[in-house]
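Working notes, beginning with the structure itself.
Numbering (our numbering), first residue to last: 324 to 489.
So, in C-alpha cells, the structure goes:
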C-alpha cells in the first residue's frame, strides 16, 4: 500500500507498514537532512503530510524560532542550552572561536548563532498529539554527533522544548 502526496510524491510502506521519506534540503549555505517517518502508514493523515510539507517549506522561519527558543533558555543556569554551551566551552577551550561565525563578545549568543542545523525528523504519526511532531538537530561541530541540541516542535510549528541528546 502507498500514500501519494503533492510534496512527498509516492510514499510506499515497508513490509511492516512503516513509511520513510528522506531528502537533503538546501538551507542557507548548508544541506539539511530531512526525514519523514511513521511506524504505521495507517496513522498518517493527508493533513499531517500537508503540515510536514509546510514545515519543510518554511525551514528558515522554523530555524529562527528554534534559535530564539534557545536564547530564551539562557535565562536559566540549569537549562540544557546553557549546559550545552558550558560543555562546549570546556571541551573545545580556545578552539571554540574556530567554530564561531560572529564573535560579538557574548559567547552564549555566538554559540547559538554558530550552531548548524543538521537534520529535521518529522514523526508524521504524531500530528495533533502531545509528543513532538518534528525534531530539529543542531550541532556546533558537525563531526561531534553526540554533542547536539534537539528542538522539539508541535504540529503547529511551536517549540515544545529544547533538550540535549544525552
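We treat Cβ as the ideally placed atom computed from N, Cα and C, and that holds for glycine.
For clarity, every value in this text was computed on a predicted model and none was experimentally measured.
Rounded to the nearest angstrom, the gap between the Cα atoms of residue 441 and residue 421 is 18 Å. Rounded to whole angstroms, the Cβ separation of residue 483 and residue 455 is 6 Å, and the two are in contact under 8 Å. Residue environment analysis places residue 481 among the exposed positions, since fewer than 16 neighbouring C-beta atoms fall within 10 angstroms of its C-beta. About 7 Å separates the beta carbons of residue 463 and residue 470, which is inside the 8 Å limit, making them a contact pair. When rounded, the separation of the alpha-carbon atoms in residue 363 and residue 381 is 26 Å. For residue 358, there is no enclosing alpha helix (DSSP H); the enclosing beta strand (DSSP E) covers residues 353-361. Segment contact: the region 339-347 against the region 424-437, fewer than three CB-CB distances shorter than 8 Å; contact not assigned.
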